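Enquirer:
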Amino acid sequence: MDPAITALLAPGIPPEWLAPPDLATARAAQVALAARVLRADAHGPVRLLGGVDISNNRFDPEGRIYAAVVVLEWPGLRVVETAGAEARASMPYIPGFLGFREVPALLAAWAKLAAKPDLVMVDGHGIAHPRGFGIAAHLGVVLDVPSIGVAKSPLVGRPEAELGEAPGATQPLVWKDQRLGTVLRSKRRSNPLWISTGHRVSPEGALDWVRRCDTGYRLPEPTRQAHLAANAVRRAGMAAPPASG
DNA sequence: GCGACAG
DNA sequence: ATCTTGTCGC
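For the first sequence, the working numbering puts the final residue at 248, and the numbers step up evenly by one.
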């Protein structure tokens, strides 16, 4: 295990839990770690916003994962730093276990940042997950950083009522009598975003932050920039693009 | 038992 | 997730 990465882990997070040997162990780790998720706004002032995403090749026999972390100033939403990393996938994509596939690569990129974000948006679900531990909650808990899940399609739960067509329309995202987040039509004629608490951010707070990061695209700026950055990392075949402004 | 199933 | 430019529709 890379010491640069284990040094990032919050106290009480066993490094070996990042890459469980089998799905049964992975599931147990999710249940244990989900107990640490804070579903309320419990964070300090936000001056730096983070966005993370990964990119990979459809049929790369090497199973390489290219991760990117972008840091944006708040307010302003300008990208002030970008970090990338390449890692081997420890497991294939399995719905419900995305965190184990992508988080290690994200941590490797995170370790390269000069300044860490105060709050991060993740491409995927937070607590809107079978065991309440989607990738946004996963990253948030292992780093103990406030996080928000911004997914492009559903995993569990549904809008409380029919979602309006107008841009800005919302519906509470509910599952098993719990409000986990919000379904948001961020853009006209686009499929909605599935926003949920990751860690240290309430379902309502998560929606507020996503709305503050609207730049006219379907995705909020942090996640949108992270997606572009991850693709750039992969196409360049490099793991450490220089910081930009 | 069967279908659903983030990226 | 990714292969890919222009094109159709609102």
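Ideal placement from N, C-alpha and C gives every residue a C-beta, glycine not left out. Bear in mind the structure is a predicted one, so any value in this text is a computation, not a measurement.
(1) Leaving out five residues on either side along the sequence, give the residues of the same chain with a beta carbon under 6 Å from the beta carbon of N59.
(2) Alpha carbon to alpha carbon, how far is G208 from L21? Give it in angstroms, no decimals.
(3) Any idea what DSSP makes of H132, helix, strand or coil?
(4) CA-CA distance, G167 and G15?
(5) Report back the beta-carbon spacing between Q174 and E163 to the nearest angstrom; my notes put them in contact at under 8 Å.
(6) What's the C-alpha gap between G240 and A88?
(7) Which residue's Cα is closest to the Cα of F100: L187, N234 and I130?
(8) Taking F62 as the reference, give the member of A92, G127 and P225 with the closest Cα.
(9) From V144 to S150, what distance separates their C-alpha atoms?
(10) Taking one C-beta from the segment 5-15 and one from the segment 175-194 each time, how about it: are there three or more such pairs within less than 8 Å?
(11) Could you tell me the distance, in whole angstroms, from the CA atom of T218 to the CA atom of G47?
(12) Measuring alpha carbon to alpha carbon, tell me which of P23, L80, V55 and Y220 ends up nearest L116.
(13) Specify, as a first and last residue, the run of the beta strand (DSSP E) that I198 falls within.
(14) Residue range of the alpha helix (DSSP H) that I138 falls in?
Expert: The answer reads as follows:
(1) I68
(2) 28 Å
(3) coil
(4) 43 Å
(5) 5 Å
(6) 10 Å
(7) I130
(8) A92
(9) 9 Å
(10) no
(11) 24 Å
(12) V55
(13) L196 to H202
(14) I138 to L146
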